[in-house]
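The numbering used here puts the first residue of the sequence shown at 28, with every later residue one more than the last.
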Amino acid sequence: MSALSANHPLLDGRTSDAPLIRAYRGERQPSPPVWFMRQAGRSLPEYRELREGVAMLDSCLDPEMASEITLQPVRRHGVDAAIFFSDIVIPLKLSGVAVDIVPGRGPVLESPVRDAADVRALRSHTLEPDALAPVEAGVRRTVEQLGTTPLIGFAGAPFTLAAYLVEGGPSKDHLRARAMMRADPESWRALMEWTADVTGAFLRAQLQAGASAAQLFDSWAGSLSPHDYEESVLWASRRALDHVRDLEVPLVHFGVGTGEILPAMLSAGVDAVGVDWRTPLDEASRRLGGSTTVQGNLDPAILSAPWPIVESAVLDVVDRGRAAPAHVFNLGHGVPADADPSVLTRIVELLHSGAARS
Ligand code: 1CP
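Structure representation (structure tokens):
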């Protein structure tokens, strides 16, 4: 018996046969199901209009607005999945950590977590189950309107969240986070434990409220050596995923610049691995041992090229995806803010036309 309620879309039959869910479970589809990371957001005029005058984190915690933004790209592009509109720092905010999203920059912490005392102070924050109510309400509302289209829930992996907590904001090389990992392993472990548990609770709330799959974003794990990833990070990602394993929904693990750690990311215990644009999918599948669903990996930079170039790049991704047991089409990272949304719609049409048989 799954721990999901009987009227969950995966159990009542609404989404259990959806191409996305079948592909995540390893069943090749006639053509690859498609969604885009950051498909909601600044590339859509209807998003910009709705968000006008509303702070990013406030929009995530307004169930009606979060739900509407989640549905916008599904209506516009006809993608095979929605991804819940939220942000990886929401569980930090709901735990009482002072974090904001600065437009054009990203998450910024009022007090970065730099030493053992800071980690102790962070750990005094707890994520009360009631605090997740706006997230659950947003998911429920979205799922009611999605029908047979699955909703993907997501969370940030502990390392990517720790990178923001320690740096205090976006950074290129996450030097301070990697320094704490090496110089003060005890504080690092305590930081990663706390982070794994709050992000795991955020993910579980979305799944129990009706999301049919889950993606763990370890966007910045590519800044780690394979040794450091395996020694100091992987256990915490496993711990975050342990919060949802009993729900038996498909799990996806994605990061950027992770060509060297793809097998380790698979070993966190997931059904599919998301691949960025640097590693061709046939090579990624080989590294993963050939029996795992791959997701990706059109270079987002190609979206601004003339259509014939986009089309042949899409077909090449699909072709390489045939090396894996199943493939879910996506970009190699998020939709750029200045992307022309009509190109995304055209990619979905191309994939759905059957011209790109998987
Ligand atoms: O459509 C969707 O994909 C759902 C919405 C979504 C997701 C999945 C948002 C909304 N954020 C995220 C996850 C997220 N947030 C990740 C993992 C995915 C990825 O690698 O892109 C990361 C790293 C963040 C952190 C974050 N939040 C950044 C990156 C900053 C950096 O370090 O470079 C930014 C710019 C944000 C703000 C944000 N989150 C989401 C949106 C639409 C925005 C921009 C909003 C604004 O500026 O008003």
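Ideal placement from N, C-alpha and C gives every residue a C-beta, glycine not left out.
Per DSSP, GLN56 is not a residue of any beta strand (DSSP E), being assigned neither H nor E. Between the alpha carbons of VAL345 and PHE356 lies a gap of roughly 7 Å. Within the same chain, Cβ atoms closer than 6 Å to the Cβ of ASP273 are found at ALA30, the five residues on either side in sequence being excluded. DSSP places ILE128 in the uninterrupted beta strand (DSSP E) bounded by 126-129. For GLN242, the enclosing beta strand (DSSP E) covers residues 240-245. Not a single heavy atom of ligand 1 lies less than 7 Å from the C-beta of SER312. Distance from the Cα of ALA248 is smallest, within the candidate group VAL271, SER264, GLN233, GLU95, for SER264. The Cβ neighbour count for LEU202, taken over all protein chains shown within 10 Å, is under 16; the residue is labelled exposed. Sorting SER259, GLN233, ALA206 by C-alpha distance to the C-alpha of MET219 places SER259 at the top. Given a length threshold of 4 residues, each whole run of the alpha helix (DSSP H) inside the segment 286-354 is given here in chain order: 289-293, 308-314, 334-348. Per the coordinates, the alpha-carbon of THR153 lies some 10 Å from the alpha-carbon of LYS120. In the structure shown, the three-state DSSP call for ILE115 is coil. Assigned with DSSP and collapsed to three states, LEU274 falls in helix. Across the structure, ARG349 and PRO46 are spaced so that their CA atoms are roughly 16 Å apart. Only exposed fits GLY40, as fewer than 16 other CB atoms lie within 10 angstroms of its CB. Short of 7 Å from the beta carbon of PRO368, and not among the five residues preceding or following it, lie these beta carbons of its own chain, in chain order: SER70, LEU71, ARG103. Annotation for PRO197: no alpha helix (DSSP H) segment contains it, and DSSP assigns it neither H nor E.
Comparing alpha carbon positions, the residue from THR320, GLY133, PRO134 closest to GLY296 is THR320.
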